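So the protein sequences, as listed, match chains R and H. If you're matching positions, the first sequence starts at 2 in this note's numbering and goes up one per residue. If you're matching positions, the second sequence starts at 502 in this note's numbering and goes up one per residue. All C-beta atoms in this analysis are idealised placements derived from N, C-alpha and C, irrespective of residue type, glycine included. Values in this document were obtained by computation on a predicted structure and should not be read as measured data.
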Amino acid sequence: MRSTLKTVFIVFITILLLAGFLPILQKIIWAFNPAGTTDSSQPEQLLAAKQQLEFDLAKLDKKLAAKIPRSYYLVINTASNEFSLYKGTELIHQDKCSTGSYVLLKNDDQQEWMFKTPKGEFRIQSKTTSPVWKKPDWAFIEEGLPVPSANHSSRFEYGVLGDYALSLGHGYLIHGTLYQRFLGLPVTHGCIRLNDDNLELIYNSLSIGSKVFIY
Amino acid sequence: MQIPGIKIRQLGTLNITAGILFVIVFIFLFCIGLSPLHKRNELANLTKADSIFMSAYNNLYDDPLLAPLSRQLAYKKALLHMAENDSINLIVNLSDSNIHLTINGVIIHTTRLQSFDIDPLLLNLPNNIYHKIFSHPLYIVEEYATIVKEPIVVRQAPKNPEEAAINAYQPDTLIQNPAFLRMQLDYDIHLVFEQDVNSGWNDQKTQVAFRMKYRISHFFERLKAFFSLKKQNYYPTIRIKMPVNDLREIYRALPTHARVVIYYS
């Protein structure tokens, strides 16, 4: 019995030692097989190749720089609920905002609404002052109210979107809010809410066609 | 009472079994030890087989003087390829210790890396293989994370305004689980992101579970390959530690099968 235990113990220790040896073996392998580099070329050839590389790099840098908008654009971080206003590569202003709550609202009629802010690149489609909110169906369903007809007066709410609204298309807006204490939290139905000062700054900075990047 | 002859025979059988086991384990570990070399040969063959790439590749780039510049060129080429894509993608710039999110060539988020570790296979890659792999964006083939992509909260519509008032949605910050992420990219390259600070018991438990999940599945994959006499696959891995909030933001921003550009020199 004792010798059996001894054999098992020796095998176990040997396996452990071998397993421990594995990283050392791999280091030895790389020591004997380094990345093959050659330095046998003529200096003139090297110089010419270096100049060509630098030229190609400068060309690529130019092409990449051309991708960055020169005018104002907005970047919205939906995870931290923050926005950044840029002009070219210069950061103009950064502050809190509110984005989609990720609530999935379901009713008994098997209808579903997902309240999330879409991600990707958008453009400002239109700009309005003193916007009026035309409440969609989900706004009534969420409050446990019956859904009125399409143009019923109860659908129209004044002053709840702040002084300005900028449309991103598909019903998504950048607008103001009455609930300023919720800024910095994911509470909206997909729109982007800003405080009054930030909304004014964004309204004045972005024009129709300006880019908005949401992630 | 035991007969001495039987005992000796039992001991002999045990020693033979132990010896066989030892040899099997030794061969198994030796195969694993050689797997990075197999992988490099596989990548080298892949590179040589691409005649268009090989004819465009300038051998002078292998010179130590030009290699860093040529890698920069590969990086910029990959960025330009990625800039044609209008979804959110990832840039891992290990030379600057930065990670960026980008859309259409515009950098929308930057995170400074706390620390990172590059696989010896990648560090020892010949320059032509480096160019073949990293002068294009790599696709995320598979990913596993300890956090959810979309923290969805399901709510049933209330029957009346009274019920709506009782169950009013209380805004809160999103559920913040410890964040660990593994991405498998083209060429079997793995990118592992870990939060830089593990403060509590839950963080450490999640980290151990995250690492064990991969190690166990990888161990069984290796065993299967060994007993079916197949080559051991090797997954060159880049490990990155970064602030947890940035890790969450990056993971949630990236669509599935996003593209990644990696640069190191």
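Exposure of residue i, with buried meaning 16 or more beta-carbon neighbours within 10 Å
i, result
"Ala754/H", "buried"
"Asn629/H", "buried"
"Phe635/H", "buried"
"Ile25/R", "exposed"
"Trp702/H", "exposed"
"Gln573/H", "buried"
"Lys7/R", "exposed"
"Ser536/H", "buried"
"Leu622/H", "buried"
"Ser571/H", "buried"
"Thr189/R", "buried"
"Asn542/H", "exposed"
"Thr118/R", "buried"
"Asn590/H", "buried"
"Glu695/H", "buried"
"Met743/H", "buried"
"Tyr180/R", "exposed"
Distance between beta carbons of residue j and residue i, contact taken as under 8 angstroms
i, j, result
"Ser102/R", "Phe116/R", "5 angstroms"
"Ser127/R", "Ser168/R", "5 angstroms"
"Leu581/H", "Leu17/R", "No, Leu581/H and Leu17/R are not in contact; Cβ-Cβ is about 50 angstroms, not under 8 angstroms."
"Phe617/H", "Arg760/H", "Contact doesn't hold; Cβ gap of about 20 angstroms is too wide."
Nonlocal neighbours in the same chain, by C-beta distance under 8 angstroms from residue i, ignoring five residues either side
i, result
"Asn699/H", "Pro679, Gln705, Gln708"
"Leu561/H", "Leu567"
"Gly210/R", "Arg124, Ile125"
"Met83/R", "Sequence inspection shows Glu at residue 83/R; the Met mentioned does not correspond to that position. Excluding residues within five positions, the ones whose Cβ falls inside 8 angstroms are Ile77, Gln95, Asp96, Lys97, Cys98, Gly185."
"Ser596/H", "Tyr764, Tyr765, Ser766"
"Asp563/H", "Pro627, Asn628, Asn629"
"Leu105/R", "Glu113, Trp114, Met115, Phe116"
Own chain partners of residue i with C-beta closer than 6 angstroms, once the 5 adjacent residues on each side are dropped
i, result
"Phe711/H", "Thr647, Phe681"
"Val76/R", "Ser85, Phe214"
"Asp687/H", "Leu639, Tyr640"
"Val642/H", "Gln685"
"Ala575/H", "His632, Phe635, Ser636"
"Asn594/H", "Tyr764"
"Pro132/R", "Leu162, Ala166"
"Tyr460/H", "For residue 460/H there is no data in the structure shown, the boundaries of chain H being 502 and 766."
"Gly170/R", "Gln126"
"Gly606/H", "Ala584"
"Trp134/R", "Glu158, Val161, Leu162"
"Phe529/H", "Phe727"
"Ser588/H", "Pro756"
"Tyr204/R", "Tyr165"
Segment limits, beta strand (DSSP E) that includes residue i
i, result
"Gln112/R", "No beta strand (DSSP E) contains Gln112/R, which DSSP labels as neither H nor E."
"Trp694/H", "Note on identity: in this sequence residue 694/H is Phe, with Trp being the wrong assignment. Unbroken beta strand (DSSP E) run through Phe694/H: 691-696."
"Ser127/R", "127-130"
"Ser206/R", "Unbroken run through Ser206/R is the alpha helix (DSSP H), 197-206; no beta strand (DSSP E)."
"Leu92/R", "91-97"
"Phe777/H", "There is no way to answer for residue 777/H, as the model of chain H reaches only from 502 to 766."
"Arg760/H", "760-764"
"Gly104/R", "A small correction: the amino acid at residue 104/R is Val; Gly does not occupy that position in the sequence shown. 104-107 is the span of the beta strand (DSSP E), which, as asked, contains Val104/R."
"Asn746/H", "No beta strand (DSSP E) holds Asn746/H; the alpha helix (DSSP H) holding it covers 745-754."
"Glu643/H", "639-646"
"Asn152/R", "From DSSP, Asn152/R is part of no beta strand (DSSP E); its letter is neither H nor E."
"Glu651/H", "Element bounds for Glu651/H: n/a, residue is neither H nor E."
"Lys135/R", "133-135"
Residues near residue i by beta carbon distance below 7 angstroms, same chain, minus five either side
i, result
"Arg749/H", "Ile648, Ala680"
"Gly121/R", "Ile215"
"Lys107/R", "Glu113"
Host alpha helix (DSSP H) of residue i (start-end)
i, result
"Leu614/H", "First-last for Leu614/H: undefined, no H or E at that position."
"Ile630/H", "628-635"
"Asp57/R", "44-66"
"Ile476/H", "The structure shown does not extend to residue 476/H, since chain H is modelled only from 502 through 766, so no value can be given for it."
"Tyr715/H", "702-728"
"Leu581/H", "568-584"
"Phe123/R", "Premise fails: Phe123/R lies in the beta strand (DSSP E), 121-124, not in any alpha helix (DSSP H)."
"Phe220/R", "Look at the range of chain R in this structure, 2 to 216, and you will see that residue 220/R is not part of it."
"Leu623/H", "621-624"
"Ile667/H", "662-667"
**OP:** Closer than 7 angstroms, Cβ to Cβ, to anything on chain R: give me those residues from the region 595-608 of chain H, in chain order.
**Re:** Leu602, Ile604, Asn605, Gly606, Val607
Original post:
Of all the residues that make up the region 109-132 of chain R, which are near chain H by a beta-carbon distance shorter than 8 angstroms?
Top reply: Asp109, Met115, Lys117, Lys120, Gly121, Glu122
Original post:
Listed in chain order, which residues of the region 642-666 of chain H have Cβ atoms closer than 9 angstroms to some Cβ of chain R?
Top reply: Glu651, Pro652, Ile653, Val654, Val655, Arg656, Gln657, Ala658, Pro659, Lys660, Asn661, Pro662, Glu663, Glu664, Ala665, Ala666
**OP:** Anything in the region 136-150 of chain R with a Cβ closer than 8 angstroms to a Cβ of chain H? List those residues in chain order, please.
**Re:** Ile142, Glu143, Glu144, Gly145, Leu146
Original post:
Name the residues in the region 566-581 of chain H whose C-beta lies less than 8 angstroms from a C-beta of chain R; which are they?
Top reply: Leu566, Leu567, Ala568, Leu570, Ser571, Gln573, Leu574, Lys577, Lys578, Leu580, Leu581
**OP:** Taking a Cβ distance cut-off of 7 angstroms, strictly less, list which residues of the region 550-566 of chain H are near chain R, in chain order.
**Re:** Asn559, Leu561, Asp563, Asp564, Pro565, Leu566
**OP:** Identify each residue in the region 41-59 of chain R for which the Cβ-Cβ distance to at least one residue of chain H is less than 9 angstroms, and report them in chain order.
**Re:** Ser41, Ser42, Gln46, Leu47, Ala49, Ala50, Lys51, Gln53, Leu54, Glu55, Asp57, Leu58
**OP:** Note down, in chain order, all residues in the region 72-90 of chain R with a beta-carbon under 8 angstroms from any beta-carbon belonging to chain H.
**Re:** Tyr74, Val76, Asn78, Thr79, Ala80, Ser81
Original post:
Using a Cβ cut-off of 8 angstroms, which residues of the region 718-750 of chain H contact any Cβ in chain R, in chain order?
Top reply: Asn746, Arg749, Glu750
**OP:** Could you run through the region 677-697 of chain H and flag, in chain order, every residue whose CB is less than 7 angstroms away from some CB of chain R?
**Re:** none
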